[in-house]
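Notes to accompany the following structure.
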Amino acid sequence: MPKTENEKGIVEIVDGKYKPSGTFHIIEKNQPIFDIDANKLAGVTNPRDMTYIHSYGGEAMFFESLGKGKLIATRCDNDNCEFKGSIYMPFRIYCPDCLRKMTPLNLTEIARKTAKVHSYIITHRSGAFNTLDLPIKFINVEFDNVVTILMSYLVVGEPEIGKRVVPIFRTKNPTYTITDLAFVPEGTLESELPEGFTF
Amino acid sequence: MIKFSDKQLKIPKLMRPVYLATVGMSKFDRAFPETRTEELCIDAFTAAADFVKMTPAELKSYIHTCYYGHFADHFGDQLLGEAVIHDRLGLDPLGNIGVKTGGATGGSAMWEAVKAVASGYSDCTLALGWERMDEVPTDEGNHLISCAADKDWETPLGHIYTGYYAVMAQRYWKIFGKEEESFRRTMAEIAVKNRGYARMNPHAQGPLKITVEDVLNSPIVAYPLRALDCCLMSVGSSCGIVCDEKTAYEITDKPLRIYIAAGSHTLRVADRRDMKIPLLPNESKGQYDDLGKRFPGGDRYPGFSSFLAARMSAYYAYNMSGVVDPSEDLDLVELHDAFTISDIQTYEDIGIRPYGEGRNYIESGDAYIINPNTKKPGKLPSNPSGGLIGCMHAVGATGLMQIAEIGYHIWNRWDEIHEPEAKWKAFNREKPKDWTSLQVKGAKRGLAISHAGVGSHVTCTILMDPNKLIKEE
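From first to last, the protein sequence lines are chains A and B. Numbers given in my numbering equal positions in the first sequence, counted from 1, plus 20. Numbers given in my numbering equal positions in the second sequence, counted from 1, plus 1406.
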């Protein structure tokens, strides 16, 4: 039974401290497991229903920006770093070489103009708690002048290596998770986008 | 890191020789509804004691510290599971520690156990691993496995690890397999071989007598991977005991020399920067300059098509042990065949074949106990245990099962473990009428690769008959 709005676990930060409210777990009694053939007890079920409280820390701006239609990367600007100028997507807070804080960079236009499928896989299976429609068309996206590749999903058309794609964002009712970012083939019309997504 | 300093490339050194004295393993199965994990661990430990004709209590008296491999606490809903097993094995109050490196957990537990002996801290250590993957329904199991991907950047995308892994297979299939039907069949041959070998192994969970067509007609999991291309999901336990020279010879008159090294790479498969290919001792400078020409798109290293962690573990382990060319210097291997295609990728990462030519290891017949082309013994048989595809993948135990299996061959005691009718009966499994010994005749040196997920951790273990060392210290 899904929780009602009042039952959902909500967390805010007030004065630098977590303030949880609502229901974070529902207690359900365990059940015995019997071996029917041997007519004896073998074990018990242990029901669990939990809600985690997770901090995005220095990556929060990336996830918040998705809901505003922006794809934010980071770049190492440390003059003393051998790899100065490297641009990272996924967003990394610190340069993996010099361990200095990197500079956030709006990659949205570069993504629109240069994103290409590096690899892909279509899966008809998902794990528990999945919120994406099946089948899921996983794509890995490469961008010009970015040293890494991004895992995402394609929501219109079929994936192919080398296919030009453009980012779309869940700007209506964002979930503030990586699922707020998806891709569609270049030339896709706004009317073809899934509910809640915009270019 | 995409460039290495000399200090980082230092060849690891064991401060004194380390020996594998004995090994053991339990039965492996998809589920054990009426067996506790500790019962399986005690089965594995007792098998190790039996192997050196000791009682478990006698064998325990040699152990000084313990290294436990158990990956997924959340599957068993038990934190500090290591403490539970340690207590049930009756090894308190000895020092112990848990090791968790995904699919490489078993190999990593052995890595720690070997270093403890090499350093002189302990003269005898236990590496014991297990996994319990039958305590949640499959879809929740898939979610729990997906938690081994990046929880913010990957897991919310479907909660399905296959999705993050199989993109690598796709890229290798397109670039290096060139989407050829012949390559697809070569992948299938691995599944046929390993499931066929598993038929001779009473411990194995997934024995099958199948054909290439059966593999090609099995359900698609994530194209090009089909159900029979994929490894098993298992429950069970394996262990190994390593010692300094004096203690090893007190336990057995024939211990094996053990070398082991580890490598790593990004958890997020896509988050890899391009770099130069680090070369193994049997490769030469400039060898891969035309790789991108021969395989368009294959010039991005490690890209999605290679496991850098496997390459680095082999680099360290080969140089430690004196192995130059695995095909010439070794007699058999146990590889982490999580998927048929990743098995092929590994042939290249560890230098059995050069990059781009992995398929030839199967097609030449070298990977078989008996080469199907020549009907003579294969040059470097791979996975006679059945591997992860045919024998088991009880994550924390897998790497230790592989080491045990290599050991049985070098000890020339493979038949003793796999043949007895009584064991088949005790495991409630039917021994095939055409049961055949897979003992690699005259085996003196072997290798085991223990590998995590998309390649975040890999260990390379090399076992040698002490009279057949390559490098004298």
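Don't be surprised by glycine CBs; every beta carbon is placed ideally from N, CA and C.
Checklist entry - Can you tell which of B/D1695, B/C1553, B/G1602, B/G1703 has the C-alpha that lies nearest to the C-alpha of B/I1775? => result Position 369 of the second sequence, counted from the first residue, corresponds to residue 1775 of chain B. Among B/D1695, B/C1553, B/G1602, B/G1703, the Cα nearest to that of B/I1775 belongs to B/G1602.
Checklist entry - Counting contacts by CB-CB distance shorter than 8 angstroms, is A/T168 in contact with chain B? => result As a working mapping, residue 168 of chain A is identified with position 148 in the first sequence. Output row for A/T168: interface = yes.
Checklist entry - For A/E129 and chain B, any beta-carbon pair shorter than 8 angstroms? => result Working through the first sequence from its first residue, we reach residue 129 of chain A at position 109. By this cut-off, A/E129 is not an interface position.
Next on the checklist: Give me the subset of the segment 169-180 of chain A whose CB atoms are less than 7 angstroms from a CB atom of chain B, sorted by chain position.
Outcome noted: Of all residues in the segment 169-180 of chain A, I169, L170, M171, Y173 have a Cβ within less than 7 angstroms of some Cβ in chain B.
Item to check | Proximity to B/R1759 [Cα-Cα], best of B/E1734, B/N1777, B/A1744, B/P1783 | outcome: Position 353 of the second sequence, counted from the start, is the residue given in the question as residue 1759 of chain B. Of the listed residues, the one whose Cα sits closest to B/R1759 is B/E1734.
Checklist entry - By how many angstroms is the C-alpha of B/Y1473 removed from the C-alpha of B/I1503? => result The residue you call residue 1503 of chain B lines up with position 97 of the second sequence. The residue you call residue 1473 of chain B lines up with position 67 of the second sequence. Approximately 5 angstroms, taken between the alpha carbons.
Checklist entry - Got a sec: is the Cβ-Cβ distance from B/L1563 to anything in chain A below 8 angstroms? => result Along the second sequence, read from residue 1 onward, the residue named residue 1563 of chain B stands at position 157. Chain A, which has a Cβ nearer than 8 angstroms to the Cβ of B/L1563, makes this yes.
Checklist entry - Can you tell me whether DSSP reads A/E32 as helix, strand or coil? => result Counting from one through the first sequence, the residue named residue 32 of chain A turns up at place 12. Strand, per DSSP.
Item to check | Contacting residues, own chain, Cβ-Cβ under 8 angstroms from B/S1711 (five flanking each side not counted) | outcome: By 1-based counting over the second sequence, the position of residue 1711 of chain B is 305. Taking C-beta separations shorter than 8 angstroms and ignoring five residues to either side along the sequence, the partners of B/S1711 in its chain run M1574, R1577, Y1578, I1581, F1582, G1704, Q1751, following chain order.
Next on the checklist: Could you tell me the alpha carbon to alpha carbon distance between B/R1605 and B/M1870, rounded to whole angstroms?
Outcome noted: The sequence position of residue 1605 of chain B within the second sequence is 199, counting from 1. The sequence position of residue 1870 of chain B within the second sequence is 464, counting from 1. Distance between the alpha carbons of B/R1605 and B/M1870: 27 angstroms.
Checklist entry - Should A/F54 be labelled buried (16 or more other beta-carbon atoms within 10 Å of its own) or exposed? => result Residue numbering aside, residue 54 of chain A sits at position 34 when the first sequence is read from its first letter. By the 10 Å Cβ count, A/F54 comes out exposed.
Item to check | Span of the alpha helix (DSSP H) around A/F203 | outcome: For the purposes of this step, residue 203 of chain A is identified with residue 183 of the first sequence, where counting begins at 1. It is not in any alpha helix (DSSP H) - A/F203 instead sits in the beta strand (DSSP E) that spans 201-205.
Item to check | Burial state of B/I1823 (16 or more Cβ within 10 Å) | outcome: Numbered from 1 along the second sequence, position 417 holds the residue referred to as residue 1823 of chain B. B/I1823 is buried by the Cβ-count criterion.
Checklist entry - Taking Cβ-Cβ distances shorter than 7 angstroms, what residues in chain A pair up with B/R1679? => result Taking the second sequence and counting its residues from 1, one reaches residue 1679 of chain B at position 273. Correct list: V167, T168.
Item to check | alpha helix (DSSP H) runs wholly inside the segment 1762-1792 of chain B, at least 4 long, in chain order | outcome: The segment 1762-1792 of chain B contains these whole alpha helix (DSSP H) runs: 1765-1769.
Checklist entry - Using the beta-carbon of each residue, which ones in chain A are nearer than 7 angstroms to B/E1537? => result Counted from its first residue, the second sequence places residue 1537 of chain B at position 131. Neighbours of B/E1537 on chain A: none; closest Cβ ~18 angstroms, over 7 angstroms.
Next on the checklist: With a threshold of 8 angstroms between beta-carbons, can A/E48 be considered close to chain B, or not?
Outcome noted: Counting from one through the first sequence, the residue named residue 48 of chain A turns up at place 28. No, because no Cβ of chain B sits closer than 8 angstroms to the Cβ of A/E48.
Item to check | Contact list for B/I1566 against chain A, beta-carbon separation under 8 angstroms | outcome: Translated into positions along the second sequence, residue 1566 of chain B becomes position 160. Under the 8 angstroms cutoff, chain A gives T143, R145, S146, G147, N150, I156.
Next on the checklist: Taking 8 angstroms as the limit between beta carbons, can you name the residues of its chain near B/V1458, skipping five residues before and five after?
Outcome noted: Looking up residue 1458 of chain B in the second sequence gives position 52. Cβ within range, chain order: A1427, T1428, L1465, I1657, T1658.
Next on the checklist: Run through chain B and tell me which residues come within less than 9 angstroms of A/K191, C-beta to C-beta.
Outcome noted: Position 171 of the first sequence holds residue 191 of chain A. Lys is not the amino acid found at residue 191 of chain A; the sequence shown has Thr there. The contacting residues do not exist; A/T191 stays about 18 angstroms from chain B at best.
Next on the checklist: Cβ closer than 7 angstroms: which chain A residues qualify as neighbours of B/A1628?
Outcome noted: For the purposes of this step, residue 1628 of chain B is identified with residue 222 of the second sequence, where counting begins at 1. Result: I141, I142, T143.
Item to check | Rounded separation between B/P1787 and A/Q51 - CA only | outcome: The sequence position of residue 1787 of chain B within the second sequence is 381, counting from 1. The sequence position of residue 51 of chain A within the first sequence is 31, counting from 1. Between the C-alpha atoms of B/P1787 and A/Q51 there is a straight-line separation of about 48 angstroms.
Checklist entry - Taking the continuous alpha helix (DSSP H) assigned at B/P1462, which residues delimit it? => result Stepping through the second sequence from its first residue, residue 1462 of chain B is reached at position 56. For B/P1462, the enclosing alpha helix (DSSP H) stretches over residues 1462-1466.
Checklist entry - In chain order, which alpha helix (DSSP H) runs of at least 4 residues are fully inside the segment 1535-1600 of chain B? => result Within the segment 1535-1600 of chain B, the complete alpha helix (DSSP H) runs of at least 4 residues are 1544-1552, 1567-1581.
Next on the checklist: Just to confirm before moving on: does the CB-CB distance between B/F1745 and B/L1631 stay below 8 angstroms?
Outcome noted: Here residue 1745 of chain B is taken as the residue at index 339 of the second sequence, counted from 1. Here residue 1631 of chain B is taken as the residue at index 225 of the second sequence, counted from 1. If you check the CB distance, B/F1745 and B/L1631 come in under 8 angstroms.
Checklist entry - In chain A, what lies closer than 9 angstroms to B/K1910 by C-beta? => result Since the first and last residues shown for chain B are 1407 and 1879, residue 1910 of chain B lies out of range.
Item to check | Neighbourhood of B/K1785 by C-beta distance below 7 angstroms, restricted to the same chain and skipping five residues each side | outcome: Taking the second sequence and counting its residues from 1, the one referred to as residue 1785 of chain B is at position 379. These residues qualify, in order along the chain: S1733, D1772.
Item to check | Per DSSP, cross-strand counterpart(s) of A/P52 | outcome: The residue given as residue 52 of chain A occupies position 32 in the first sequence. Note: A/P52 sits in a beta bridge opposite A/V64.
Checklist entry - If you compare alpha carbons, which of B/K1660, B/P1608, B/V1730, B/G1669 is closest to B/P1880? => result Shown here, chain B extends from 1407 to 1879; a query on residue 1880 of chain B therefore has no answer.
Item to check | Residues, ordered as in the chain, of the segment 193-208 of chain A that lie near chain B by beta-carbon distance below 9 angstroms | outcome: So the close ones are T195, T197, I198, T199.
Checklist entry - Between the Cα of B/L1875 and the Cα atoms of B/N1725, B/V1621, B/D1540, which residue gives the shortest distance? => result For the purposes of this step, residue 1875 of chain B is identified with residue 469 of the second sequence, where counting begins at 1. Here the closest residue by C-alpha is B/N1725.
Checklist entry - Taking the alpha carbon of A/A58 as the point to measure from, which residue in B/E1444, B/C1447, B/P1439 has its own alpha carbon closest? => result Stepping through the first sequence from its first residue, residue 58 of chain A is reached at position 38. In terms of CA proximity to A/A58, B/P1439 leads the group B/E1444, B/C1447, B/P1439.
Checklist entry - So, are the CB atoms of B/S1624 and B/A1633 less than 8 angstroms apart? => result If you number the second sequence from 1, residue 1624 of chain B lands on position 218. If you number the second sequence from 1, residue 1633 of chain B lands on position 227. Going by C-beta atoms, B/S1624 is nearer than 8 angstroms to B/A1633.
Checklist entry - How would you call A/I56, buried or exposed, if buried means at least 16 neighbouring beta carbons within 10 angstroms? => result Sequence index remark: in the first sequence, residue 56 of chain A carries index 36 (1-based). A/I56 is exposed by the Cβ-count criterion.
Item to check | Through-space distance from A/P214 to A/N193, alpha-carbon basis | outcome: Reading the first sequence from its first residue, position 173 is the one you call residue 193 of chain A. Reading the first sequence from its first residue, position 194 is the one you call residue 214 of chain A. Answer to the nearest angstrom: the Cα atoms are 13 angstroms apart.
Checklist entry - Where DSSP assigns a beta bridge to A/Y108, which residues make up the other side? => result For the purposes of this step, residue 108 of chain A is taken as the residue at position 88 of the first sequence. In the DSSP output, where bridge partners are listed per residue, A/Y108 has A/T94.
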